[in-house]
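Asks:
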Amino acid sequence: MSHNTLGNGEWLPVGNSLFSQDGSVEFKMQGDGKIAVYWGGECRFQNTAEQHPNIKGIKMQEDGNLCMYDNDGKPVWHTNTAGSTGDSTVICAVQNNGNVVLYKGTPIWASKTQK
1 MSHNTLGNGE WLPVGNSLFS QDGSVEFKMQ GDGKIAVYWG GECRFQNTAE
51 QHPNIKGIKM QEDGNLCMYD NDGKPVWHTN TAGSTGDSTV ICAVQNNGNV
101 VLYKGTPIWA SKTQK
């Protein structure tokens, strides 16, 4: 795992973060079960208003879906970007401009948090 991307089959466990290449943007898997994007000292995106304290982390699944799982292995949230199994071309990238984007060559999902 690079410091700014999550590739096919890779996990971002609770309490861990990815950072943009310039270090100004943080994509964090928080302990309250929310995925958040921070830059400029403020939270710019959360995937949900609900708290999920029993979260394992998020996984860039082999089918191209970015999915949050609880500790029991049940999916709690996802980007709804699933394609076919083994779709290793999809990556999650934290960009210097504040946006978190799933790419399959071209963008297929974004946090819409550009600076």
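The numbering of the sequence shown is full-length UniProt numbering, which starts it at 1 and goes up by one.
We put the CB at the ideal spot given by N, CA and C, even for glycine.
1. Can you find the residues in the same chain that come closer than 8 angstroms, C-beta to C-beta, to N96, ignoring five residues on each side of it along the sequence?
2. Counting C-beta neighbours from all protein chains within 10 Å, is the total for T89 16 or more, i.e. buried, or is it exposed?
3. Alpha carbon to alpha carbon, how far is H52 from G33? Give it in angstroms, no decimals.
4. Starting from the C-beta of W109, find all residues in its chain whose C-beta is less than 6 angstroms away, skip the five residues before and the five after it, and write them out in chain order.
5. Please state whether the Cβ-Cβ distance between K74 and W11 is less than 7 angstroms.
6. Tell me which residue opens and which closes the beta strand (DSSP E) that S17 is part of.
7. Which of helix, strand or coil does DSSP assign to K74?
8. Pick helix, strand or coil for G7, following the three-state DSSP scheme.
Replies: This is what the structure gives:
1. S20, Q21, D22, S24 and V25
2. exposed
3. 4 angstroms
4. T79, T81 and L102
5. no
6. S17 to F19
7. coil
8. coil
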